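Here the sequence shown is numbered in our numbering, starting from 1 and rising by one per residue. Built from N, CA and C at the ideal position, the CB exists for glycine as well. Bear in mind that the values here come from a model prediction, so they are computed numbers and not experimental data.
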Amino acid sequence: MSLASLKSVIIVGAVLLLVQGCNEDLQLSATPIKNVEKITIREKGELDVYCPTGICQFQLVADQEATVNINMHYDISRQFDKIEGVSVAGKLSSSVKMTGPNTFSMDVSGNGKPSKVQVVDYYRN
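Dropping the structure here:
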């Protein structure tokens, strides 16, 4: 087998492992730290966080690398008006992307270490 053929086999093997890993269900847990009334995990990688004061902290832990979408609410009838800021402790802080006035996405590492997240609403109470 030539070196070029061997490289092709290795690349194909790596792609198959990557695709196989994508079929596994994401195990995600969220823990309130400060000013969080409740956190609901709606579907794979989609969370609703209820923060009555407009400033809160929580932790996310995942069993695999993934991007999660987080929807911020004051309560069941009111979403955040405009997120002023999101800070994530650690190297994943640069992964935060605002996707709407009350939503953002971020990457989770999948290494079992919690990511600490703080969110502030611009028009908080």
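Same chain, Cβ closer than 6 Å to residue i, neighbours up to 5 away in sequence not counted
| i | result |
| --- | --- |
| Ser29 | Val61 |
| Ala89 | Lys116 |
Close Cβ partners of residue i (< 7 Å) along its chain, the five nearest in sequence each way excluded
| i | result |
| --- | --- |
| Arg124 | Thr53, Gly54 and Ile55 |
Distance, residue j Cα to residue i Cα
| i | j | result |
| --- | --- | --- |
| Asp107 | Ser115 | 9 Å |
| Ile83 | Val36 | 15 Å |
| Val120 | Ser109 | 23 Å |
| Gly112 | Asp63 | 6 Å |
Environment of residue i [buried if 16+ CB atoms lie within 10 Å]
| i | result |
| --- | --- |
| Met72 | buried |
| Ile33 | exposed |
| Ser76 | Ser is not the amino acid found at residue 76; the sequence shown has Ile there. When all chains shown are included, Ile76 counts as exposed. |
| Tyr122 | exposed |
Three-state class that DSSP yields for residue i in the structure shown
| i | result |
| --- | --- |
| Ser95 | helix |
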